[in-house]
Every structure is written in structure tokens, then in C-alpha cells.
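Enquirer:
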Amino acid sequence: MKDLKNQKGIALIVAILLSFMALTLISALMWLVISGTKMSGMYKQYASAHDAAIGGAEVIIDALYWGQNPSLPDNSYNINDQTCFRTKRENPIQYWGNCLNSNPDLVINFGKINSSSDYYTVNVTITSTTIAPPCAASSSPAKYYYSVSIDATNSTRLDKSGLDFVYALGQ
Numbered sequence: 679m680k681d682l683k684n685q686k687g688i689a690l691i692v693a694i695l696l697s698f699m700a701l702t703l704i705s706a707l708m709w710l711v712i713s714g715t716k717m718s719g720m721y722k723q724y725a726s727a728h729d730a731a732i733g734g735a736e737v738i739i740d741a742l743y744w745g746q747n748p749s750l751p752d753n754s755y756n757i758n759d760q761t762c763f764r765t766k767r768e769n770p771i772q773y774w775g776n777c778l779n780s781n782p783d784l785v786i787n788f789g790k791i792n793s794s795s796d797y798y799t800v801n802v803t804i805t806s807t808t809i810a811p812p813c814a815a816s817s818s819p820a821k822y823y824y825s826v827s828i829d830a831t832n833s834t835r836l837d838k839s840g841l842d843f844v845y846a847l848g849q
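Position one of the sequence shown corresponds to residue 679 (the numbering used here), numbered consecutively onward.
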């Protein structure tokens, strides 16, 4: 083997390689921190939309239980078709007739008071109603089974959440 007489260049190459490895490690750590922050922010937005969807579920469950319109301030919700909403609450799906559309039955706005941009629009749709006949042996009343679909969105932040559930109600 030949003995290298001038080894000054090797020290420079080793220093450059170590600097490159340190820079790569720092870049990877920065990427992890930034992506973790983004994920945390997205989760918080989703959690807010999910909370709005849960609020919509509580409103429709209350309306179905009491058999009336939601107990909310008048300007915070809109029933697209009052007749269809009542038909869907009281009759099985085969008697819905023209109420089988895909429009939401109830549109609720949750958010800050007097804010036109920071609110969630919650669309509630009763997708089916099934009525189980009463049981004569146990004298239990008829049971209503409602399938409900809920979509909560915020147009300014582009976050959304959806819930689908079945609610059983013994009248």
C-alpha cells in the first residue's frame, strides 16, 4: 500500500460529511415537529366539526322524542319542508311519498352570536323510519326506529364531520 503523504484533504471531507449528517438530522427533526403541529391543528378542527355534529344529533333526538320542532331560537335553524319533516317523524318510509329526496330535513347553524363567518352548518336528514308493532303480551307500545344522517361543515375552515345513527323510541 502506498502511504499518502498529504492527508489535509481527508480532514476536510470528514468535516463536510459530518456537517451533512448533522444537517440531515436537524432537517428530519424540524419536519417531524412541523408535521406534528399540522396534525394537531387538523385534529382540533375535526373535533370542532364533530362537536357540532353531536350537537345536531342531540337536537334531532330531542325533536323526535317530543314529536315537535327543535327547541332552538327561530333564526338558528331551518326546516326545509315542514310537512315532510312531520311525515318522516310519524310514518314508516313506505308512506313518505314525495319526501324521499336527498335534501336535509333540518339545517342548523351553530356558532358565535352575530358572526356571519365563524359557524358550523349542520344538515340533519332522517333517512328512514321503521315502526315495530306493539306487543300485546307485554302491553308495550309501538317502537319507532329512526335512521339519521348528520353532516357538519364550516365553509371558512373547510373542516367537516359526519354521523350516522339509529335512534329507537318507544312511544
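The beta-carbon is built from N, C-alpha and C at its ideal position, and this holds for glycine as well.
Output the distance between the C-alpha atoms of Ala741 and Ser749, rounded to the nearest integer angstrom.
Expert: Residue mapping note: residue 741 aligns to position 63 of the sequence shown, counting from 1. Residue mapping note: residue 749 aligns to position 71 of the sequence shown, counting from 1. Straight-line Cα distance between these residues: approximately 8 Å.
Enquirer: Quick one: grab the DSSP three-state call for Ala810.
Expert: Numbered from 1 along the sequence shown, position 132 holds the residue referred to as residue 810. Strand.
Enquirer: Do Asn756 and Val800 have their C-beta atoms closer together than 8 Å?
Expert: As a first step, residue 756 is located in the sequence shown; it is residue number 78 there, counting from the start. As a first step, residue 800 is located in the sequence shown; it is residue number 122 there, counting from the start. Cβ distance not < 8 Å, so Asn756 and Val800 don't count as in contact.
Enquirer: Could you give the distance in angstroms between the alpha-carbon of Thr808 and the alpha-carbon of Tyr822?
Expert: By one-based count along the sequence shown, residue 808 stands at place 130. By one-based count along the sequence shown, residue 822 stands at place 144. So the two alpha carbons sit approximately 6 Å from each other.
Enquirer: If you count every other CB in all the chains shown that lies within 10 Å of the CB of Asp752, and 16 or more means buried, which is it?
Expert: Counted from its first residue, the sequence shown places residue 752 at position 74. Asp752 is exposed by the Cβ-count criterion.
Enquirer: For a test of the three-state rule: what should DSSP assign to Leu710, helix, strand or coil?
Expert: Counting from 1 along the sequence shown, the entry for residue 710 is found at position 32. DSSP places Leu710 in helix when its eight states are reduced to three.
Enquirer: Kindly list the residues whose CB is nearer than 6 Å to the CB of Gly733, restricted to its own chain and excluding five residues on each side of it in sequence; keep chain order.
Expert: What you label residue 733 is simply residue 55 of the sequence shown in a count that begins at 1. The residues are Phe788.
Enquirer: Could you check where the beta strand (DSSP E) with Thr831 kicks off and where it finishes?
Expert: The sequence position of residue 831 within the sequence shown is 153, counting from 1. Element bounds for Thr831: Lys821 to Asn832.
Enquirer: Can you round the beta-carbon distance between Thr803 and Pro782 to whole angstroms, since I take them to be within the 8 Å contact cut?
Expert: Position 125 of the sequence shown, counting from 1, holds the residue named residue 803. Position 104 of the sequence shown, counting from 1, holds the residue named residue 782. Correct: roughly 5 Å between the Cβ atoms.
Enquirer: Going by DSSP in three states, Ser817 sits in which element: helix, strand or coil?
Expert: One-based indexing of the sequence shown puts residue 817 at position 139. Three-state result, Ser817: coil.
Enquirer: Could you name each continuous alpha helix (DSSP H) segment of 4 residues or more that falls completely within the region 734-770, going from the start of the chain to the end?
Expert: Taking only runs of at least 4 residues, the alpha helix (DSSP H) segments lying wholly in the region 734-770 are 760-768.
Enquirer: Please say whether Ala735 and Ser839 have beta carbons closer to each other than 8 Å?
Expert: In the sequence shown, residue 839 corresponds to position 161, counting from 1. In the sequence shown, residue 735 corresponds to position 57, counting from 1. Not closer than 8 Å, so no.
Enquirer: Tell me whether Asn858 is buried or exposed, calling it buried when 16 or more other Cβ atoms sit within 10 Å of its Cβ.
Expert: The chain is shown from 679 up to 849; residue 858 falls before or after that span and cannot be answered.
Enquirer: Excluding the 5 residues preceding and the 5 following Ile688 in the sequence, name in chain order all residues of the same chain whose CB lies nearer than 7 Å to its CB.
Expert: Taking the sequence shown and counting its residues from 1, one reaches residue 688 at position 10. Cβ neighbours of Ile688 beyond the five flanking positions: none.
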